[in-house]
Each structure stands twice: as structure tokens, then as C-alpha cells.
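From first to last, the protein sequence lines stand for chains Z and C. For the first sequence, position 268 (counting from the first letter as 1) is numbered 268 according to UniProt numbering, and the numbering increases by one without interruption. For the second sequence, position 290 (counting from the first letter as 1) is numbered 290 according to UniProt numbering, and the numbering increases by one without interruption.
There are 2 protein chains.
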Amino acid sequence: MKKPNVVILGAGYGGLMTTVRLQELVGINEASITLVNKNDYHYETTWLHEASAGTLHHDRVRYPISDVIDRNKVKFVKDTVVKIVPDEKKVLMKNGELTYDYLVIALGFESETFGIKGLKEYAFSISNVNAARQIREHIEYQFATYNTEEEKRDERLTIVVGGAGFTGIEFLGELVNRVPELCREYDIDPHKVRIICVEAAPTALPGFDPELVEYAVNQLERKGVEFKIGTAIKECTPEGIIVAKGDDIEEIKAGTVVWAAGVRGSHVIDESGFEAMRGRIKVDPFLRVPGHEDIFVVGDCSLVINEETNRPYPPTAQIAMQEGELCAKNLAVLIRQQGELQPFRPDIKGTVCSLGEDDAIGVVFGKKIWGTKASFMKKMIDNRALYLIGGPSLVMKKGKFKFF
Amino acid sequence: MKKPNVVILGAGYGGLMTTVRLQELVGINEASITLVNKNDYHYETTWLHEASAGTLHHDRVRYPISDVIDRNKVKFVKDTVVKIVPDEKKVLMKNGELTYDYLVIALGFESETFGIKGLKEYAFSISNVNAARQIREHIEYQFATYNTEEEKRDERLTIVVGGAGFTGIEFLGELVNRVPELCREYDIDPHKVRIICVEAAPTALPGFDPELVEYAVNQLERKGVEFKIGTAIKECTPEGIIVAKGDDIEEIKAGTVVWAAGVRGSHVIDESGFEAMRGRIKVDPFLRVPGHEDIFVVGDCSLVINEETNRPYPPTAQIAMQEGELCAKNLAVLIRQQGELQPFRPDIKGTVCSLGEDDAIGVVFGKKIWGTKASFMKKMIDNRALYLIGGPSLVMKKGKFKFF
Numbered sequence: 001m002k003k004p005n006v007v008i009l010g011a012g013y014g015g016l017m018t019t020v021r022l023q024e025l026v027g028i029n030e031a032s033i034t035l036v037n038k039n040d041y042h043y044e045t046t047w048l049h050e051a052s053a054g055t056l057h058h059d060r061v062r063y064p065i066s067d068v069i070d071r072n073k074v075k076f077v078k079d080t081v082v083k084i085v086p087d088e089k090k091v092l093m094k095n096g097e098l099t100y101d102y103l104v105i106a107l108g109f110e111s112e113t114f115g116i117k118g119l120k121e122y123a124f125s126i127s128n129v130n131a132a133r134q135i136r137e138h139i140e141y142q143f144a145t146y147n148t149e150e151e152k153r154d155e156r157l158t159i160v161v162g163g164a165g166f167t168g169i170e171f172l173g174e175l176v177n178r179v180p181e182l183c184r185e186y187d188i189d190p191h192k193v194r195i196i197c198v199e200a201a202p203t204a205l206p207g208f209d210p211e212l213v214e215y216a217v218n219q220l221e222r223k224g225v226e227f228k229i230g231t232a233i234k235e236c237t238p239e240g241i242i243v244a245k246g247d248d249i250e251e252i253k254a255g256t257v258v259w260a261a262g263v264r265g266s267h268v269i270d271e272s273g274f275e276a277m278r279g280r281i282k283v284d285p286f287l288r289v290p291g292h293e294d295i296f297v298v299g300d301c302s303l304v305i306n307e308e309t310n311r312p313y314p315p316t317a318q319i320a321m322q323e324g325e326l327c328a329k330n331l332a333v334l335i336r337q338q339g340e341l342q343p344f345r346p347d348i349k350g351t352v353c354s355l356g357e358d359d360a361i362g363v364v365f366g367k368k369i370w371g372t373k374a375s376f377m378k379k380m381i382d383n384r385a386l387y388l389i390g391g392p393s394l395v396m397k398k399g400k401f402k403f404f
Numbered sequence: 001m002k003k004p005n006v007v008i009l010g011a012g013y014g015g016l017m018t019t020v021r022l023q024e025l026v027g028i029n030e031a032s033i034t035l036v037n038k039n040d041y042h043y044e045t046t047w048l049h050e051a052s053a054g055t056l057h058h059d060r061v062r063y064p065i066s067d068v069i070d071r072n073k074v075k076f077v078k079d080t081v082v083k084i085v086p087d088e089k090k091v092l093m094k095n096g097e098l099t100y101d102y103l104v105i106a107l108g109f110e111s112e113t114f115g116i117k118g119l120k121e122y123a124f125s126i127s128n129v130n131a132a133r134q135i136r137e138h139i140e141y142q143f144a145t146y147n148t149e150e151e152k153r154d155e156r157l158t159i160v161v162g163g164a165g166f167t168g169i170e171f172l173g174e175l176v177n178r179v180p181e182l183c184r185e186y187d188i189d190p191h192k193v194r195i196i197c198v199e200a201a202p203t204a205l206p207g208f209d210p211e212l213v214e215y216a217v218n219q220l221e222r223k224g225v226e227f228k229i230g231t232a233i234k235e236c237t238p239e240g241i242i243v244a245k246g247d248d249i250e251e252i253k254a255g256t257v258v259w260a261a262g263v264r265g266s267h268v269i270d271e272s273g274f275e276a277m278r279g280r281i282k283v284d285p286f287l288r289v290p291g292h293e294d295i296f297v298v299g300d301c302s303l304v305i306n307e308e309t310n311r312p313y314p315p316t317a318q319i320a321m322q323e324g325e326l327c328a329k330n331l332a333v334l335i336r337q338q339g340e341l342q343p344f345r346p347d348i349k350g351t352v353c354s355l356g357e358d359d360a361i362g363v364v365f366g367k368k369i370w371g372t373k374a375s376f377m378k379k380m381i382d383n384r385a386l387y388l389i390g391g392p393s394l395v396m397k398k399g400k401f402k403f404f
């Protein structure tokens, strides 16, 4: 009997977890495993806001995929997935194609601009390492340019963050620490700098505990963030943004606009003709595409309904990794044709939102925490992600240990 | 008798040397000394090419003026000079005015674009700390942006240097060392990067020893610089430059254009109605403005003819500092009304042109040198400038000691 061919698309939290667990579970003779990723490195998506603000170097948020995969068991292909052809069990890539017996789609998220005019062209989004370092350099260039101009344009020093959700708030937490450094670096009066957060919802961090949200907003305001809550971005222009609160329209001139208010699954999902909602496929209990029992979806491209709330689970690293673990187990069942497929049951341990180097808010094991305690927990969570994928040696190499 | 009022405009090599020597020569009761400068720091103009390339942090190339002036003797005014009114013995500044009995003009150089279309708008020039760090950040931003774009635009990674004179060559020397770092930092194939130097004259480093010029050009070519000698920049556009060699017109697309081929004296000279050539005043043997015996000019705004060659001395730090020393002595003569004014006799010890961290060419005490030996001499010269103005403590703080 021919060894089944397992192809895993994407080396984010979900795809890489699937790969490292699967290489533990099955022997060399049981399956051929191929991992496809556009970069030869994995990056910590949940740390990108730090690289974007410039508070953590982008090389700290990534590591070579070769550090965690077993080259004897897993073949790595560096390429960009263009389209999946389920009827032919084929994956088309920029520079080649692959066939599979079992496929794992773990292609991650993309920025979703909801058709707001100009966002795609003029706003940045914290979507990957390339984007993060471009944001960092763009902000630095604005600050570096300010003093070279005869007529000072203070709006160069205005940074607009679109969205006060998780990513927006975490990015703001880094920015308020970074801006004083930038002001020293480029001889700029800190009073000239504005950091504005625009959120269309009636509150920051919708869904979070209101007491913790108040704490977060107060801390960020104290450090200089201006919140415009219940305010929608109508348009992004080369000069800034146009916002509306009810009937009031306002133009905010800004040298930098970062859109952090929407994500969706990969466009490859749509390209391939799967039924999906914004690039996310509603999977069966075993994480498979309905009608395609040979295709699993993990991470931000999969959509799992939380039966308690009847709403989808949010696309988080925690869920992606848990999906990856289960996906590997289910693949092993199929490869060996023994045992039974297990349904996905997420185990949400908690959520912590960073507010910069030494502050955070969160709910962990049902308890509210904030301040240095929450910040400590956040770093524990970050280190745990490294541990789960790469073991203790990866934690030593890439972990966050500057606790207090 | 009233104490004479000495006002020194500019804290570059010439102005700062005048100030520190004058504060040594005259007592508190003999004169009031005021130093005016637009920044509260002095910077090493001859090191700016390093800050521009990003091989030396801009804070390494500057130090606070308060570190070297005697606050008991010298009053420091941070302001920008707008105009001098000799008939009223007055200096107009952005935020105030000053009257003087003796004036020292040491306002330094500005970039001269010779009316070439678009250079002012689209090219950078290595003219001060603000400009240097903007160039560094601009180049970094180009590299950071490259990988974010769906369609890669290789011209983002092209850097054009206009001019193969002293500044152009020294900047190229730093760039060839910096580019490999940038490629690693931003995951870019070094073969995609182009560094092009365009020089209108029939040779690089006109006036330098031809054997040394050949050495320099070979070294830089070996590290990837493309020289276009005998080629003139006709126009600079947002996309790059248009050059001409004879009748051949060529467009070179480039993400960064740095103009390093022309300097002139300060525009304040012209504003004030002095007779001058490109902002440089042909001074009398004692460094005074003809017809204005109370006004001295030192540094890049003064023009002194070399009687041997019947051509002006080039505007160098070496000459500026020697002029500053003499100017201070002559001011002391006038203040005390005793002794005689001395004429300026430059003592050119040599010239060394850096080719990066560990390479250089030069002629010192009439001897040709190159390689690490010349690089060592260059660092000695850099440290000597610090020593002459700020003594051993400044050398310890800001000196270059990484000799080999």
C-alpha cells in the first residue's frame, strides 16, 4: 500500500502545530508529510504589534521553520499557494504544484477593509513581518522628516489607529511607549505628536469585561491616546482619514494610518471555490471541509461555532494551536485507519490584552487581572506558544523574560 | 569704556573654533561674547555621510555646544539667523535680534543644485543632522517596503549618488558596507540592489592623485558600485534621474537619489546684500569683509584664494578650523587694541578620503597612502578635530577608536 501524502499549507500557529504534532505521531514509513509556506520562517502573529511599533525587533518575533520540523519526516517547500483544486487533489503554487491524499489548509488571516475607500491604498495593516517592519520604518521616516522641512507639518507626527479591538489596543500600548523614544531620537517636542484611535463600535474592546476596558482606556489616555469611540472611518486618503460620528463628518490629517479593525481568512479559500464567509470555512466537528473529507482547515481560515453563544470562536492563536493538535491526531487516525476521529472541543484558558511592556488586562481561568500581574501572564502565554511548538529550547531562544 | 560685543554666528567647525579660542584668549571683563546657532548641538559635518548611510548613529556625530563653551564667558542663543544689517550693526533672527561691535559669520554651507530641475524637490543632500537621518530612514523605508508589494519594484533598491567628489565617494564607501546589512535585515537578495554614482567631470575625485583615484574606484566597484563618469544629471524626478553622456540620454529609475555634488555658502550672505560668489565672500587677508572691518567670515562662507594655484581653497573642516583660530586671535587684537592683525596662512597637512570602515585614500605630509593605513589616518584626523575644539575629554566621549 502506498504511503498517504499529507500536505500542510501554511506555517502559522495552526499549520506548524499540525506539522510538529504529526511528525511526533506518525513514523517515516506511515506517511509523507509536506509543509508549504511562503517564507522559510514562522512568526508570532500575536507579537507583530510590537515589531510594528518598533518596541521589539522583527527578528525576535520569528524563527526558522527548520528549527522545529524534523527534516527526516517533513519536506519543506518554500512557495506561495495560489489555488487548491479539490477535484484533482492538487495545490497550485507560484512555482509549482503538489498532489495530496490529505490536505490541511492553515493559510491564516488577511486584512479586511470592508470596502472602505482608500484603506487598501493608504493605510497599513499589521498582517505579517513584512508589513510590520514597513509600519515601523514608515513611522520613523515621518519623524525623521519632520525637522528637515522649512514649514513644519505637525500632521506628520499624527498616528491614527483604526479599531480599538484586540490588535488596535495592543498596538496603542506599544506606541505610547515608543513615541517618547522617537521624540528623543529625532529632536521632536512630544506635545506635537498625536495618537488617535477611531472605533466604530460603542466601546473599545467589545466583548471584554467593561471594568477592564475602562482600565485599559484610562491607562492609554493617561499616556496620550485620544479615543474616538462610536466613530466610523469613512475614507482613507493620502493625507489622513475622514470619520463620521452620527452626522458629524471630520477630517483627521495623519502621516500614518494603521488599520487594525478587520481580519478575514485567506483569499485562496475563495479562489478555490470553497463555500466560505470572508475566507473562513465552516468546518465539520472534526475540522474537515463539508463534502471534502480529505481536507482539514485549522486556524483563521476555519470557522467553528461556539455552541454556548451560538457565535463563531474568534480567530486566535490559542484556538489555532488547539485545532492543530486535534488535526494531527485525526490525521494519524486516518493514516493508520485505526481509532476514531475526535471532534474539536476548544479549551479557552483565558484572554490577556497587552497594554505595553509592563501593563495588560485579562481574564484567565475566569479571573479578572490587570497591571504587572496581567503583563506577566501575557508573557507566560507568549512563551507557552513557543513551548508548545518548539519545546524548551525555543523558549530559551525566543522567549520573553523581562517580566518586571 | 564699554566692553565690546562680539557676536559669532554658527557653531560649525569655524564658528565653534573661534568661540573656544576666544574664550581662552580674553577675560570676562574684556568682551561680551555671544554665540548664535540654530541647534543646541555641534555636529561633525565630515562624518555626516556615515549617519546618512546608517553606519554611525547620528548621536555619535554631534555633541551639545554647552560641552565646549565656557558659560561664564559665552552667552549661547539658540536661534536661526535670517539677515545681517551691517549699517545698523544688527543681526536679525527668527525670534529676536542682536547688535554687535564685532561680528563673525560662520554660517556654513548649503547644498547647491545649479538649477538642475527637480533636484531640490526629489533628491536628498547630506547637509546636516536632520537631513542625514532622513536619508538613512528613507533608504531603510525603501528596503522595508520592497517585500510588502505584490509586484516587486526593484528600482526601490536603487540608490543614485550624484557626484563622485569627496562627499559622494565617502558616502559610497559607507553605503557598500551598509547595503549587505540592510539586505539581511529585510530579507532582500543583494543582487537586486544597485548603487550608481553619476559624475559629470571626466574623472572621480577631480584634483586627487590619479593613482589613488583608481584605487578608490576599483575598491568601490569591487563592492558593487556602478560609476557613470563624464555623465551629467539633467533632471531629477519622483521616479529617479535623467542623465546625459554626450548625446545619449538615459533614465535611471531609483528609489533614492542623494545629491552630493555641490555646496555653496549660506543664503544669509545674499539676503544681507554682501558681495559674494555662491554665498561665499572673498575676504581680506585678515578674514574680514572688504569695506566692513568689524565683520569676519570663517568657514564655508569665506573665500580665500590659494596664491600658488590662483584658485580658492576648497571649503574643508581643516581650513575652517584654522580660520577660526586666526579669527579669535585677530578679535583679541581688536578687543585689546594692542598687537597687530595677522593674515591667514593655511597649513594644509593633507587630505584623506574615507572608503568605509577600514579603507581610505589620501595624501598626508606630501605622501600617498591607502588601505588600513589611510583609514587609520582618517580616524586620527576626525579625532583631531574633536581635540582641537573640545580637548581630550571630547575625544574620549566622541572619538573613533575602532582602528582595525
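Ideal placement from N, C-alpha and C gives every residue a C-beta, glycine not left out. Model, not experiment: these values are computed from the prediction.
For Y141 (chain C), at least one C-beta of chain Z is nearer than 8 Å to its own C-beta. Neighbours of H138 (chain Z) in chain C, taken as residues at a C-beta separation under 9 Å, are given in chain order as Y141, A144, T145. In terms of Cβ geometry, V283 (chain C) and S302 (chain C) form a close pair [threshold 8 Å].
Here R71 (chain Z) is not bridged, per DSSP, to any residue.
Annotation: P202 (chain Z) is outside any beta strand (DSSP E) and is labelled neither H nor E by DSSP. At least one beta carbon of chain C lies nearer than 8 Å to the beta carbon of R133 (chain Z). Inter-residue distance for V213 (chain C) and K223 (chain C) is about 16 Å (C-alpha atoms, whole angstroms). Cβ contact annotation for K75 (chain Z) (same chain, cutoff 6 Å, sequence separation greater than five): T34, in chain order. The alpha-carbon separation between G246 (chain Z) and I233 (chain Z) amounts to approximately 12 Å. Not a single CB atom of chain Z sits nearer than 8 Å to the CB of N5 (chain C). Burial of F296 (chain C) is indicated by the presence of at least 16 other C-beta atoms within 10 angstroms of its C-beta.
In this structure, V268 (chain Z) sits near V81 (chain Z), with a CB-CB distance shorter than 8 Å.
Here the C-alpha atom of E50 (chain Z) lies approximately 25 Å from the C-alpha atom of F114 (chain Z).
Contact with chain C is found for Y186 (chain Z), since one of that chain's Cβ atoms lies less than 8 Å from the residue's Cβ. Comparing C-alpha distances from N72 (chain Z) to each of Z:E357, Z:V161, Z:V85, Z:V26 shows the shortest one belongs to Z:V26. Counting of Cβ neighbours within 10 angstroms places D189 (chain C) among the exposed residues, the total staying below 16.
Taking a contact as a CB-CB distance under 8 Å, the pair L9 (chain C) and L92 (chain C) does not count as one, their CB atoms being some 11 Å apart.
Relative to the Cα of N5 (chain C), the nearest Cα in the group C:D270, C:L103, C:T203 belongs to C:L103. Counted as a single uninterrupted DSSP element, the alpha helix (DSSP H) harbouring N130 (chain C) occupies residues 129-146.
Looking at the DSSP output, Y41 (chain Z) shares a beta bridge with Z:P64.
Between the alpha carbons of I319 (chain Z) and A385 (chain Z) lies a gap of roughly 11 Å. With a threshold of 8 Å between beta carbons, T256 (chain C) makes no contact with chain Z.
Assignment of beta strand (DSSP E) within the region 350-396 of chain Z, counting only whole runs of 3 or more residues, yields 350-354, 360-364, 367-370 in chain order. In terms of Cβ geometry, A144 (chain C) and Q134 (chain Z) form a close pair [threshold 8 Å]. Within 7 Å of the CB of N130 (chain C), the CB atoms of chain Z belong to N147, T148, in sequence order along the chain.
Take the alpha-carbon of T316 (chain Z) and the one of G299 (chain Z): they are about 8 Å apart. By the 16-neighbour rule on beta-carbons within 10 angstroms, N218 (chain C) is exposed.
When the beta-carbon positions are compared, V193 (chain Z) and V176 (chain Z) stay at least 8 Å from each other.
Taking 3 residues as the minimum length, the beta strand (DSSP E) runs contained wholly in the region 202-284 of chain C are 225-229, 232-237, 240-245, 248-253, 256-259, 263-265, in order along the chain. When DSSP states are grouped into helix, strand and coil, L103 (chain C) belongs to the strand group. Around the Cβ of F365 (chain C), a 10 Å sphere holds fewer than 16 other Cβ atoms; the residue is exposed. V352 (chain Z) sits close to M377 (chain Z), with the two beta carbons spaced by under 8 Å. Judged by pairs of C-beta atoms under 8 Å, the region 165-172 of chain Z touches the region 192-207 of chain Z, as three or more such pairs exist. A check of alpha carbon separations from L157 (chain C) across C:F401, C:F344, C:I139, C:V263 identifies C:I139 as the nearest.
When secondary structure is reduced to three states using DSSP, H58 (chain C) falls in the helix class.
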